[in-house]
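Visitor: Before I ask anything, here is the structure I am working with.
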Amino acid sequence: MEIVVLGGAEEIGANSTYISFGDCSVIIDAGSHPRNRDKTFAPDFTVIEDEIVSAFILTHAHTDHIGALPILAHQFPTAKIYSTEPTRDVTEIMLRNSSKLLHYGNTPLLVESFLERYKKQELDILFQLMHIRKVGETFPIHSALGTSEVQAKFYDAGHIMGATGVLLQSNEQSVFHTGDFLSENQYVMGEASFPNHHVDVLITECTNGSDATPISRKQQEVDLANFINSVTNENGSVLIPTFSLGKMQEMLRLISILMQRNSIPTIPIVTGGMGRKICQLYDRYCYTGSRVNPGFEMADIPQERLPNKELLKGRFFKTPSIVLTTSGMLHSGTPSYKLALEWMKRPNFGIAIVGYQDPTCEGYALEQSVMGEEFMFGTMKVTRNCKLEKFRFSAHATKEQIVNLVHQQHPKNVLLVHGEYESCSEVALTLVKTGYEGNIIIPTLGQRYNL
Ligand SMILES: [Zn+2]
Ligand SMILES: [Zn+2]
10 MEIVVLGGAE EIGANSTYIS FGDCSVIIDA GSHPRNRDKT FAPDFTVIED
60 EIVSAFILTH AHTDHIGALP ILAHQFPTAK IYSTEPTRDV TEIMLRNSSK
110 LLHYGNTPLL VESFLERYKK QELDILFQLM HIRKVGETFP IHSALGTSEV
160 QAKFYDAGHI MGATGVLLQS NEQSVFHTGD FLSENQYVMG EASFPNHHVD
210 VLITECTNGS DATPISRKQQ EVDLANFINS VTNENGSVLI PTFSLGKMQE
260 MLRLISILMQ RNSIPTIPIV TGGMGRKICQ LYDRYCYTGS RVNPGFEMAD
310 IPQERLPNKE LLKGRFFKTP SIVLTTSGML HSGTPSYKLA LEWMKRPNFG
360 IAIVGYQDPT CEGYALEQSV MGEEFMFGTM KVTRNCKLEK FRFSAHATKE
410 QIVNLVHQQH PKNVLLVHGE YESCSEVALT LVKTGYEGNI IIPTLGQRYN
460 L
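Just add 9 to the spot in the sequence shown (first one is 1) and you have our numbering.
Below is the structure:
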């Protein structure tokens, strides 16, 4: 088989991988780059632009996996698009939102030929072309001439709703792609359930590969509860910036669990933005996929709606509350950013940072800020007077879980993607130390690997 990494080599970028079994070829994921707005916004498909692609397979609906689907689907118009049903539904919400942001938002304009692909009419057609497949169902992907086929199968990946790993099996060879995964329960999503048999090639994410000793989930729960109590004891409110897909739902559920346990007081929870829409989808599919409590609905957690128009008149400025808003990285102009500006003026208030902050974003500047000292927050010079604490409730596999998966599937070749170079090389080193004798590849963008 031939593999070309089109995005997500030595970084968490526009994730996409081309896999060809002779005349039957597929592309797994078609992500957009979280920061770049030039040509590198989309995966680099120049190496394979003359190939015939039979199918796109989407592992899950985070934008670093589906954000450039309109561009790639236009490039390979005969390719069918496969995903689970929740992923299809969330992809629609995410891409329609991207379309709004790219056309009207603060983001610098995308190269014109790309922007064309996010017009409403084009997206409407795209969603018509998506095919739904269930986890555990084997489905064939036919080559363009119908002369050969590859069998595909989705496996639960934990991580977020609808997330899967995918197994591809030709007559001769097999390859398993993990997508993003987590082999332990979160608060809504259950653990991944991946094949534990031999595959020829394993392609795995390495996001957390260089986190040496992650703090346990139990300890983080205690730390978060202590932080919330330290703020509410002084009559303050807590702001938790979250990503609308995944992090919002997990944090909302955790907060409700902490209240049920009486670890924190039962105070108003305020939620807003696209996260609420995605909560509804989490409820629609509450019996689908790997769930900690199948049937549990986010709507059962009492919540107040964030007053978007009168954000600064929110009740949470007078009554201790927990406010979950987007964006998770506090991009300028978002509710998270606007509220953080107000929070910083109040010494009895607190901000809990619960997700990864990219060094180029406003959230990173806030995370690094020192109480009482001036810093640049977007274009504003501000001083933080409120409390702030960092937590890391990651939805990605630990290094140990990645290494265990490799030993379980003992592939001849393992490709390490979706991680900075340090993360991938740390996983590679640990694999060697733990006796893995196969071929370890940290792929280079656009290079052809014949395996
Ligand atoms: Zn993801
Ligand atoms: Zn990802």
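Built from N, CA and C at the ideal position, the CB exists for glycine as well.
These numbers come from a predicted model, not from an experiment.
1. When DSSP labels each residue in this structure, what does residue 250 get in the three-state scheme?
2. Evaluate contact between the stretch 392-399 and the stretch 355-373, counting only Cβ atoms and requiring at least three cross-stretch pairs below 8 Å.
3. Can you find the residues in the same chain that come closer than 6 Å, C-beta to C-beta, to residue 83, ignoring five residues on each side of it along the sequence?
4. Quick check on this structure: which residue in 72, 112, 430, 62 has the alpha carbon closest to the alpha carbon of residue 90?
5. Hey, would you say residue 111 sits closer than 8 Å to residue 75, going by beta carbons?
6. Count the other CB atoms, across all protein chains shown, that sit within 10 Å of the CB of residue 416; report buried if there are 16 or more and exposed otherwise.
7. Across the stretch 411-430 and the stretch 377-390, are there enough close Cβ pairs to call them in contact, namely three or more that are closer than 8 Å?
8. Give the single residue among 232, 178, 218 whose Cα lies nearest to the Cα of residue 206.
9. How many angstroms separate the CA atom of residue 339 from the CA atom of residue 423?
10. According to the neighbour-count rule (16 or more other Cβ atoms, all chains shown, within 10 Å of its Cβ), is residue 256 buried or exposed?
11. Ligand 2 heavy atoms versus the CB of residue 419: any closer than 7 Å?
12. Residue 180: which of 32, 389, 219 sits nearest, CA to CA?
13. Check whether the stretch 16-30 touches the stretch 50-62, taking contact to mean three or more Cβ pairs, one atom from each stretch, closer than 8 Å.
14. Flag residue 45 as yes when its Cβ comes closer than 7 Å to any non-hydrogen atom of ligand 2, and as no otherwise.
15. So, using beta-carbon positions, are residue 426 and residue 39 closer together than 8 Å?
16. Classify residue 217: buried if its beta carbon has 16 or more other beta carbons within 10 angstroms, exposed otherwise.
17. Comparing the CB of residue 169 with every heavy atom of ligand 1, is any distance shorter than 7 Å?
18. Let me have the residue list for ligand 1: C-beta closer than 5 Å to any non-hydrogen atom, ordered along the chain.
19. Is there at least one non-hydrogen atom of ligand 2 closer than 7 Å to the beta-carbon of residue 242?
20. Would residue 88 be called buried (16 or more neighbouring beta carbons within 10 Å of its own) or exposed?
21. For ligand 2, I want to know if residue 73 counts as a neighbour, meaning its beta carbon is within less than 7 Å of at least one of the ligand's heavy atoms.
22. From what residue to what residue does the alpha helix (DSSP H) around residue 347 run?
23. Between residue 21 and ligand 2, is the CB less than 7 Å from at least one heavy atom?
24. Could I get the ranges of all uninterrupted alpha helix (DSSP H) runs contained in the stretch 121-157, with 4 residues as the minimum, in chain order?
25. So, helix, strand or coil for residue 385, using DSSP?
26. With DSSP run on the structure shown, which of helix, strand or coil describes residue 161?
27. When you compare each of 249, 203, 283 to residue 349 by their alpha carbons, which one comes out closest?
28. Roughly how many angstroms lie between the CA atoms of residue 330 and residue 389, to the nearest whole one?
Guide: Short version:
1. Counting from one through the sequence shown, the residue named residue 250 turns up at place 241. Here residue 250 sits in strand by DSSP.
2. yes
3. In the sequence shown, residue 83 corresponds to position 74, counting from 1. Closer than 6 Å at the Cβ level, and outside the excluded window around residue 83, lie 126.
4. The residue labelled residue 90 in the question sits at position 81 within the sequence shown. Checked all of 72, 112, 430, 62; the closest Cα to residue 90 is 62.
5. Numbered from 1 along the sequence shown, position 102 holds the residue referred to as residue 111. Numbered from 1 along the sequence shown, position 66 holds the residue referred to as residue 75. The criterion of a C-beta distance shorter than 8 Å is not satisfied by residue 111 and residue 75.
6. What you label residue 416 is simply residue 407 of the sequence shown in a count that begins at 1. Per the 10 Å Cβ criterion, exposed.
7. no
8. By one-based count along the sequence shown, residue 206 stands at place 197. Ranking the options by Cα distance to residue 206, first place goes to 178.
9. As a working note, residue 339 is residue 330 in the sequence shown. As a working note, residue 423 is residue 414 in the sequence shown. Rounded to the nearest angstrom, the two C-alpha atoms are 36 Å apart.
10. Working through the sequence shown from its first residue, we reach residue 256 at position 247. With 16 or more Cβ atoms within 10 Å of its Cβ, residue 256 is classed as buried.
11. Residue numbering aside, residue 419 sits at position 410 when the sequence shown is read from its first letter. Every heavy atom of ligand 2 is 7 Å or more from the Cβ of residue 419, so no.
12. Against the sequence shown, residue 180 aligns to sequence position 171. Nearest C-alpha to residue 180: 32.
13. The stretch 16-30 is in contact with the stretch 50-62.
14. Your numbering for residue 45 matches position 36 in the sequence shown. Answer for residue 45: no, Cβ out of range of ligand 2.
15. Translated into the one-based positions of the sequence shown, residue 426 becomes position 417. Translated into the one-based positions of the sequence shown, residue 39 becomes position 30. Taking 8 Å as the Cβ cut-off, residue 426 and residue 39 do not qualify as a contacting pair.
16. Sequence index remark: in the sequence shown, residue 217 carries index 208 (1-based). Burial call: buried.
17. Position 160 of the sequence shown, counted from the start, is the residue given in the question as residue 169. Correct: residue 169 has its Cβ closer than 7 Å to ligand 1.
18. 71, 189
19. Here residue 242 refers to the residue found at position 233 when the sequence shown is read from its first residue. No, the Cβ of residue 242 stays beyond 7 Å of every heavy atom of ligand 2.
20. Position 79 of the sequence shown holds residue 88. By the neighbour-count rule (16 or more Cβ atoms within 10 Å), residue 88 is buried.
21. Working through the sequence shown from its first residue, we reach residue 73 at position 64. Relative to ligand 2, the nearest heavy atom lies less than 7 Å away from the CB of residue 73.
22. Stepping through the sequence shown from its first residue, residue 347 is reached at position 338. Run containing residue 347: 344-352, per the alpha helix (DSSP H) assignment.
23. Numbered from its first residue, the sequence shown carries residue 21 at position 12. Yes, the Cβ of residue 21 comes within 7 Å of a heavy atom of ligand 2.
24. 121-124, 129-137
25. If you number the sequence shown from 1, residue 385 lands on position 376. In the structure shown, residue 385 sits in a strand (DSSP, three-state: E or B).
26. Counted from its first residue, the sequence shown places residue 161 at position 152. Residue 161 falls in the strand class under three-state DSSP.
27. The residue given as residue 349 occupies position 340 in the sequence shown. It is 249 whose Cα lies nearest to the Cα of residue 349.
28. Against the sequence shown, residue 330 aligns to sequence position 321. Against the sequence shown, residue 389 aligns to sequence position 380. Their backbone Cα atoms lie some 26 Å apart in a straight line.
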